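Just below is one structure, and these are the notes that go with it.
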Amino acid sequence: MNIEAHLEKIARLESLRERFDPLEDYELWFWAGMTAGTHAVNAALHHAGVTASADEYAAQPGVYLVARPDGALKATFRPLGDVLHVGRPVIEAQVPADVASMMHSMEVVEQYRDPCVREGVTPTAAIVEECEAALRTCIRLLNERMKGMQHAQ
1 MNIEAHLEKI ARLESLRERF DPLEDYELWF WAGMTAGTHA VNAALHHAGV
51 TASADEYAAQ PGVYLVARPD GALKATFRPL GDVLHVGRPV IEAQVPADVA
101 SMMHSMEVVE QYRDPCVREG VTPTAAIVEE CEAALRTCIR LLNERMKGMQ
151 HAQ
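The sequence shown maps to residues 1 to 153 in our numbering.
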């Protein structure tokens, strides 16, 4: 995707998250936050010139959906554009320190994906606070990188 599309998705996901109770609606709240953070990392990677910003949509590592002239999307092998999750795929290039910090923040969030969403661990207020703080750090770092071009803090 391109940077502007990532920024728009972050804003919509952040607005959506505000409607959820983090404990009662944990799975939806969590997925919306994790997805927003991944969009933030991708926007920062594009902004830093580490990955390509393009009107393509990651389907699997190395496979992107690319619009054909008739508007249909076609799965196509492409060089690294968007990551699906931090570490998937691994980025071989040098990553700026602020973006590396964003990626670390998302690792903090993603450590709760399997236990709390897939394995039945009941999320706690402490888990919610840790995820929220990590996501806020990720978004703050994106805002600093984008110099205010981003949505709300």
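Where is the CB? At the ideal position from N, CA and C, for every residue including glycine.
All figures in this text were calculated on a predicted structure; none of them were measured in a lab.
Would you kindly report the start and end of the unbroken beta strand (DSSP E) that includes residue i?
{"i": "Tyr64", "result": "Val63 to Ala67"}
{"i": "Tyr57", "result": "Glu56 to Gln60"}
I'd like the list of long-range same chain contacts for residue i, defined as Cβ closer than 8 Å, with 5 residues on each side in sequence excluded.
{"i": "Glu18", "result": "none"}
{"i": "Asn2", "result": "His46, Ser53, Ala54 and Asp55"}
Does residue i pass the burial test, meaning 16 or more other C-beta atoms within 10 Å, or should it be called exposed?
{"i": "Asp82", "result": "buried"}
{"i": "Ala32", "result": "buried"}
{"i": "Thr124", "result": "exposed"}
{"i": "Leu135", "result": "buried"}
{"i": "Val90", "result": "exposed"}
{"i": "Met106", "result": "buried"}
{"i": "Thr76", "result": "exposed"}
Ordered along the chain, which non-local residues of its own chain (more than five positions away) have a Cβ less than 6 Å from that of residue i?
{"i": "Met34", "result": "Val109"}
{"i": "Lys156", "result": "An answer regarding residue 156 cannot be provided, because it is not within the stretch 1 to 153 covered by the chain."}
{"i": "Pro22", "result": "Trp29 and Val128"}
{"i": "Pro96", "result": "Ala48"}
{"i": "Ala152", "result": "Low confidence applies to Ala152: its pLDDT is 39, below 50, so where it sits in the model is not reliable, and the reading given next is rough at best. Here the set comprises nothing."}
Using CA coordinates, which residue listed in the options is at the minimum distance from residue i?
{"i": "Tyr26", "options": "Gly120, Lys147 and Thr137", "result": "Gly120"}
{"i": "Glu8", "options": "Phe20, Gly37, Trp31 and Glu24", "result": "Gly37"}
{"i": "Leu80", "options": "Val63, Pro96, Gly71 and Glu130", "result": "Val63"}
{"i": "Arg78", "options": "Val86, Thr51 and Ala93", "result": "Thr51"}
Residue i and residue j look like a contact to me (Cβ under 8 Å); what is the Cβ gap, rounded to whole Å?
{"i": "His6", "j": "Ala59", "result": "Rounded, the Cβ-Cβ distance is 16 Å, inconsistent with contact."}
{"i": "Ala133", "j": "Val99", "result": "Ala133 to Val99, Cβ: 18 Å. No contact."}
{"i": "Cys131", "j": "Tyr112", "result": "6 Å"}
Who are the Cβ neighbours of residue i in its own chain at under 7 Å, not counting the five residues just before and after it?
{"i": "Ala126", "result": "none"}
{"i": "Leu142", "result": "Ala40, Ala43, Ala44, Met102 and Gln150"}
{"i": "Pro115", "result": "Val121"}
{"i": "Leu84", "result": "Ala58 and Pro61"}
For the alpha helix (DSSP H) that contains residue i, what are its first and last residues?
{"i": "Thr137", "result": "Ala125 to Met146"}
{"i": "Ala11", "result": "Ile3 to Arg17"}
{"i": "Thr76", "result": "No alpha helix (DSSP H) holds Thr76; the beta strand (DSSP E) holding it covers Leu73 to Phe77."}
{"i": "Leu45", "result": "Tyr26 to His47"}
{"i": "Asp98", "result": "Ala97 to Glu110"}
Does any CB atom of chain C fall closer than 8 Å to the CB of residue i?
{"i": "Phe77", "result": "The structure shown has no chain C; it contains just one protein chain."}
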